[in-house]
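Those letters in the sequence shown? Residues 1 to 57, per the UniProt record's numbering, in order. Below is one structure, written out as structure tokens; the observations come after it.
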Amino acid sequence: MEFQQRLRLALVRDLLTETALPLSAIAQRTGFRDPRHLRRLYRARYGVAPSDSRISR
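What follows is the structure in structure tokens.
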């Protein structure tokens with residue numbers, strides 16, 4: 001995975017655990033055009049769905 005994408009996914013993870021923003025807003029803020037694509041990449045990187053990261057905070 002390229003460096004820039006890893007940084008963006010780390011920011012997504014932070015926003016998921018520190019805010020109540022919907023995933024679509026997080027996707028837009030972090031430069032992902034499509035929340036579905038973000039979900040796929042997030043699961044591939046962290047092994048869990050974005051919603052599971054939010055629950056575990």
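Note that the Cβ used here is the ideal one computed from N, Cα and C, for glycine as well. Please read these numbers as outputs of a predicted model, since none were measured by experiment.
Burial of Leu38 is indicated by the presence of at least 16 other C-beta atoms within 10 angstroms of its C-beta. Leu9 counts as buried, since no fewer than 16 other beta carbons sit within 10 angstroms of its beta carbon. Distances from the alpha-carbon of Ser24 to those of Asp52, Arg36, Leu7 put Arg36 closest. Boundaries of the alpha helix (DSSP H) harbouring Asp14: 3-18, taken from the DSSP string. A distance below 8 Å separates the beta carbons of Thr17 and Ser53.
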